[in-house]
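Have a look at the structure below, then the notes.
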Amino acid sequence: MSLIDPAEDSVVGTRDIGRSSSFPSNQFTPTLTDQVTDSLWLNVGQGVQALDADSLSETSRTETGSGANWLEQTPDGAHVIVSAREPAHRQFRIDADADSETFGEVTAEIDRSSEGGRGDRSGPGPCDVTIHPDGEYAYVPDLYNDTLTVLSVDPFEITAQIDVDPVGTGAARPWMGTVAPDGETLLVEHNEGETGTESLWDLSDPAMPVERARLTADDGLGSRPLTNEIDADSQTGYVFTPGSNDVTVIDLDEATVRARIDLGGSAFVGTWDPSHSKLYVPVQTNDEVAVIDPETDDIVDRLSVGADPYGATSARIRPAVASTPSMQVAIARLGLRAEPAQTTYCIGNCACGHQL
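Here it is in structure tokens:
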């Protein structure tokens with residue numbers, strides 16, 4: 002794990018943590034993690050883990066029955082909501098309150114294995130989760146069911162499922178999504194067609210999203226949209242389009258592509274710093290993190306980090322860096338360790354040895 006100081010945009014240290022994480026919780030975690038007793042939540046192995054924000058030691062582990070997991074912490078920090086894709090096809094709610102006697106335990110679960118499926122894939126394939134800022138609802142794109150599922154956080158149950166139609170031949174394949182900070186818009190990525198598409202949803206009624214636009218390559222969308230982040234004003238979406246080695250910038254009000262930011266390499270995810278003022282994008286093929294200024298949509302810095310960066314999150318607590326000798330980091334980068342590193346699911350290049 003490379004540690005970056007957002008005030009200076011400099012790499013301040015590197016830690017061997019014995020695990021990889023491609024989609025850590027980064028929607029509300031950056032501002033919630035402000036005490037040394039708080040945790041960073043990661044998707045690792047056959048479930049999810051919490052790491053102490055200071056020492057980066059494991060504080061909790063929850064098995065989900067799947068190696069493909071996506072997770073987000075609720076805005077109040079009380080829960081972590083998990084989408085576990087095949088073979089589990091389940092939704093989990095985990096106690097994220099470090100002071101609770103049930104910290105890290107599953108407090109509710111939804112078995113969705115009887116839903117949907119496509120080809121030899123049985124089950125709906127819940128393939129991400131994003132949470133409304135009021136904390137009442139979570140949204141799950143279903144890759145193999147062509148639905149958008151709305152979950153009530155408490156009680157933990159399905160409140161709605163919206164059919165997602167394709168814009169051409171084939172299936173709509175929704176798979177990733179992010180709710181804007183103002184709670185008015187949901188951006189969803191689709192693995193449909195030859196290059197992928199992006200849909201914009203109206204959340205005027207948070208319990209019943211309504212699709213209002215679908216962007217394609219003909220609208221200027223980059224290739225193979227995978228995930229997105231939305232600026233603090235909820236006016237601009239930044240869609241990571243690794244198929245064209247760029248970030249597609251979307252005007253949310255107009256539902257149009259405003260620009261494309263050339264990364265010079267493939268990036269799958271990104272994260273805002275805790276102040277939501279700069280966007281940090283791991284460019285995996287360049288071994289660097291690109292820093293984007295949302296005021297200008299320009300790359301203002303490129304930070305060299307370890308090999309093949311993928312996931313990213315931020316916090317108001319800086320983990321200790323001195324406890325990992327440089328030789329230990331070098332050995333870890335070579336894959337020379339007594340026990341195999343715990344790997345995580347990712348799309349495209351992935352940590353060796355990972356299994357669903």
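Note that our numbering has the sequence shown beginning at 2, numbered continuously upward.
Think of the CB as a built atom: it goes at the ideal place given N, C-alpha and C, for glycine as much as any other residue.
Opposite S3 in the DSSP bridges: which residues? Numbered from 1 along the sequence shown, position 2 holds the residue referred to as residue 3. Looking at the DSSP output, S3 bridges to T15.
Can you say whether V211 is buried or exposed, counting buried as having 16 or more other CB atoms within 10 angstroms of its CB? Counting from 1 along the sequence shown, the entry for residue 211 is found at position 210. Classification for V211: exposed.
Once you ignore the five residues that flank L33 on each side, which residues in its own chain have a CB closer than 7 Å to its CB? Taking the sequence shown and counting its residues from 1, the one referred to as residue 33 is at position 32. So the list reads D39, Q74, G78, once near-sequence residues are dropped.
According to the Cβ coordinates, are L243 and V189 closer than 8 Å? In the sequence shown, residue 243 corresponds to position 242, counting from 1. In the sequence shown, residue 189 corresponds to position 188, counting from 1. It is Pro, not Leu, that sits at residue 243 in the sequence shown. Against a cut-off of 8 Å, the Cβ pair of V189 and P243 comes out as no contact.
Under 6 Å Cβ to Cβ from A69, same chain only, skipping five residues before and after it: list those, please. On the sequence shown, position 68 is the one that residue 69 refers to. Contacts found: R86, Y346, L357.
Taking Cβ positions, are A139 and I82 nearer each other than 8 Å? For the purposes of this step, residue 139 is taken as residue 138 along the sequence shown, with counting starting at 1. For the purposes of this step, residue 82 is taken as residue 81 along the sequence shown, with counting starting at 1. Yes, Cβ-Cβ distance for A139 and I82 is below 8 Å.
From the DSSP output, which residues share a beta bridge with R215? Taking the first residue of the sequence shown as position 1, residue 215 is located at position 214. Bridge partners of R215: S200.
Looking at the ligand ADP, does it come within less than 7 Å of F269, judged from the CB to the closest heavy atom? Of ligands this structure carries none, so the ligand ADP is not represented either.
When DSSP labels each residue in this structure, what does G105 get in the three-state scheme? Here residue 105 is taken as the residue at index 104 of the sequence shown, counted from 1. Residue state, collapsed to three classes: coil.
Flag this pair as yes or no: are the beta carbons of D247 and G271 separated by less than 8 Å? To locate residue 247, count along the sequence shown from 1; it is residue 246. To locate residue 271, count along the sequence shown from 1; it is residue 270. Cβ distance not < 8 Å, so D247 and G271 don't count as in contact.
Between the C-alpha atoms of H80 and S278, what's the straight-line distance to the nearest angstrom? Position 79 of the sequence shown, counting from 1, holds the residue named residue 80. Position 277 of the sequence shown, counting from 1, holds the residue named residue 278. For H80 and S278, the distance between alpha carbons rounds to 26 Å.
Length of the line joining the Cα atoms of D147 and F241: Here residue 147 refers to the residue found at position 146 of the sequence shown. Here residue 241 refers to the residue found at position 240 of the sequence shown. Each residue's Cα considered, the two are about 21 Å apart.
Express the C-alpha separation of F269 and E289 in angstroms, rounding to a whole number. Here residue 289 refers to the residue found at position 288 of the sequence shown. Here residue 269 refers to the residue found at position 268 of the sequence shown. Those two C-alpha atoms are separated by around 13 Å.
Go ahead and label M209 buried or exposed: buried means 16 or more other beta carbons lie within 10 angstroms of its beta carbon, across all protein chains shown. Position 208 of the sequence shown, counting from 1, holds the residue named residue 209. The residue is exposed, with fewer than 16 neighbouring Cβ atoms inside 10 Å.
Among H133, T217, T65, which residue has its Cα nearest to the Cα of I111? Within the sequence shown, numbered from 1, the residue matching residue 111 stands at position 110. For the residues H133, T217, T65, the minimum Cα distance to I111 belongs to T65.
Identify, in the order they occur along the chain, each residue of the same chain with its Cβ nearer than 7 Å to the Cβ of R225, setting aside the five sequence neighbours on each side. Taking the sequence shown and counting its residues from 1, one reaches residue 225 at position 224. So the list reads T196, G197, T242, P243, G244, once near-sequence residues are dropped.
With three or more C-beta pairs closer than 8 Å as the rule, is the stretch 301-313 touching the stretch 280-289? yes
Closest residue to S153 among W176, S276, E116, E137 (Cα-Cα distance): In the sequence shown, residue 153 corresponds to position 152, counting from 1. Closest by C-alpha distance to S153, out of W176, S276, E116, E137, is E137.
Measure the Cβ-Cβ separation of S61 and Q50 and say whether it is below 8 Å. Against the sequence shown, residue 61 aligns to sequence position 60. Against the sequence shown, residue 50 aligns to sequence position 49. Taking 8 Å as the Cβ cut-off, S61 and Q50 qualify as a contacting pair.
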